[in-house]
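This report refers to the structure that appears directly beneath it.
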Amino acid sequence: TRVVIIPARGFPNAVTRNKCRRQTREAFREMKPRITPGFDLVVVSYSGDADYHAREMQLAGLLTRAGILSPRSSKEY
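Under the numbering used here, think of the first position of the sequence shown as 1394, with each following residue one higher.
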């Protein structure tokens, strides 16, 4: 499974744009073992006050709705 993270144009500067990209990449990295293999994902990130955990929850919700994220096992807690 591969991912492309595209920040939208609404970011005020490169620092916040890159921070958003890093946070989204890290959230994807942590979820990658639970993602069904064979998918290419494009994630468009918009500016806002979302912190890492909010971005992680949004990404998990979207991947679950798409049906490509398996639920966590009890070993992961």
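Note that the Cβ used here is the ideal one computed from N, Cα and C, for glycine as well.
The model shown is predicted, which means the values in this text are computed figures rather than measured ones.
request  = Alpha carbon to alpha carbon, how far is Phe-1404 from Val-1437? Give it in angstroms, no decimals.
outcome  = 12 Å
Bridge partner(s) assigned by DSSP for Ser-1438 = Pro-1400
task = Can you tell me which of Pro-1464, Leu-1462, Asp-1444 and Arg-1458 puts its alpha carbon nearest to the alpha carbon of Gly-1415?
result = The identity of residue 1415 in the sequence shown is Arg, whereas the question assumes Gly. Ranking the options by Cα distance to Arg-1415, first place goes to Asp-1444.
inquiry  = Going by C-alpha to C-alpha distance, which of Asn-1411, Glu-1423 and Ala-1407 sits closest to Ile-1398?
reply    = Asn-1411
task = State the start and end residues of the unbroken alpha helix (DSSP H) segment that holds Thr-1417.
result = 1407–1424
message = Output needed for Ile-1428: all residues of its chain with C-beta closer than 7 Å, excluding positions within five of it in sequence on either side, in chain order.
response = Thr-1394, Leu-1456, Ile-1461 and Leu-1462
message = Considering Cα atoms alone, identify which of Gly-1441, Ala-1407 and Glu-1449 is closest to Met-1424.
response = Glu-1449
ask   = Counting along the chain, where does the alpha helix (DSSP H) carrying Thr-1457 start and finish?
value = 1445–1459
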